[in-house]
Ligand code: SAM
């Protein structure tokens, strides 16, 4: 009955659901966003804890099941189900996002949330363990990578809970972790695309020190070329460095992080830090 391609692994341990609710610090006044409610095991307790729940679910069969489960109950008027792909809909206002998501959307979803305005208080999300560990990794940790740097640029992240695979039906092949993501406000005033270009270079090659990366001829000539482009642009366009709309900028970062898969792709790729129009014509 469950679609593997939609990442359908249902939370079957009620104690775990309780502990996710408790750790997420939901207030009775909160509008809660849930992505991928499935059959509604988490939804039910979110409704008990907050003011209302907006649940975005891709699978029409799950939407039917949810409606069946909640119709006629006192909770039903505080639940709004949106059927569709979370990436194709404009998210409504919410205070907090709590979700057990399909792991293949981890990276794009994280950056979609971080680009959302107005800012929400926090997101409490179940991820594949490895992905969670990368999110929270600190400089010097083996798992510290482009994902860690870019997420922590935009948010404070904490590991909340380790979750074994047997808490789900059917059990996934990997263990999981619940992570809390709290957007930073205000964000540092930088050009995120330019920043990401630099971060890509830093994490380009496994097991290379920054010192050796920035002695490479190819890297140095790329930086020099970009610098010349920048100078030329500044001459022609005095207000080059003015800040672009931050939400737009964060979205751009999110799109470039969208390819950050969880299956063996560690985000270290060999793309250059070419300055293209989008990076330079930020106004
Ligand atoms: N939250 C439920 C639970 O914990 O028992 C189900 C979790 S299951 C891991 C993920 C759910 O997300 C599935 O119901 C799946 O249909 C839904 N889903 C998958 N891709 C989605 C997308 N792009 N947008 C919205 N929902 C999606």
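In our numbering, the protein residues as written are 8 to 290. For every residue, glycine included, the Cβ atom is placed at its ideal position computed from N, Cα and C.
Check, Outcome
"Taking only heavy atoms of ligand 1 into account, decide whether any of them is closer than 6 Å to the Cβ of residue 63.", "yes"
"Inspect the beta-carbon positions of residue 164 and residue 142 and report whether they are closer than 7 Å.", "yes"
"Could you please give me the residues that DSSP links to residue 90 through a beta bridge?", "64"
"With a cut-off of 7 Å, does the C-beta of residue 68 fall near any C-beta of chain C?", "The structure shown contains no chain C, having only a single protein chain."
"To the nearest angstrom, report how far apart residue 133 and residue 215 are at their CA atoms.", "32 Å"
"Could you check whether the Cβ of residue 218 sits closer than 6 Å to any heavy atom belonging to ligand 1?", "no"
"Whole angstroms are fine: how far does the CA of residue 203 sit from the CA of residue 196?", "14 Å"
"Rounded to the nearest angstrom, how far is the Cβ of residue 24 from that of residue 41, given a contact under 8 Å?", "In fact, because the Cβ distance is near 12 Å, the residues do not count as touching under 8 Å."
"Verify whether the separation of the beta carbon atoms of residue 57 and residue 108 is less than 7 Å.", "no"
"Kindly indicate which three-state DSSP category residue 284 falls into: helix, strand or coil?", "With a pLDDT of only 37 at residue 284, under the threshold of 50, the placement of this residue in the model should not be trusted; the figure read from the coordinates follows. Three-state DSSP puts residue 284 in a helix."
"Sorted by chain position, which residues of the same chain lie with C-beta nearer than 6 Å to residue 270's C-beta, five sequence neighbours on each side aside?", "Annotation note: pLDDT 36 at residue 270 (below 50); position unreliable, no value reported."
"Run the CB neighbour count on residue 79, radius 10 Å, all protein chains shown included, and call it buried at 16 or more, exposed below.", "exposed"
"Leaving out five residues before and five after residue 35 in sequence, what residues of the same chain have Cβ atoms less than 8 Å from its Cβ?", "56, 57, 58"
"Quick one: does the C-beta of residue 66 sit closer than 6 Å to a heavy atom of ligand 1?", "yes"
"Please classify residue 157: is it buried, with 16 or more other beta-carbons within 10 angstroms of its beta-carbon, or exposed?", "buried"
"In the segment 110–193, which residue ranges form an unbroken beta strand (DSSP E) of at least 3 residues, counting only runs that do not cross its ends?", "129–135, 162–170, 183–190"
"Between which two residues does the beta strand (DSSP E) holding residue 40 run?", "38–42"
"Can you tell me which of the three DSSP states residue 12 falls into?", "coil"
"Considering only their Cβ atoms, is the gap separating residue 101 from residue 138 smaller than 7 Å?", "no"
"Going by other Cβ atoms of all chains shown within 10 Å of its Cβ, with 16 needed for buried, is residue 225 buried or exposed?", "exposed"
"Which residues does DSSP list as the beta-bridge partners of residue 31?", "Its beta-bridge partners do not exist; DSSP assigns none."
"Using the C-alpha atoms, what's the distance from residue 84 back to residue 105?", "19 Å"
"What first and last residue would you give for the alpha helix (DSSP H) that runs through residue 209?", "199–209"
"When you compare each of 51, 68, 242 to residue 81 by their alpha carbons, which one comes out closest?", "51"
"Under 6 Å from any heavy atom of ligand 1, does the C-beta of residue 49 make it?", "yes"
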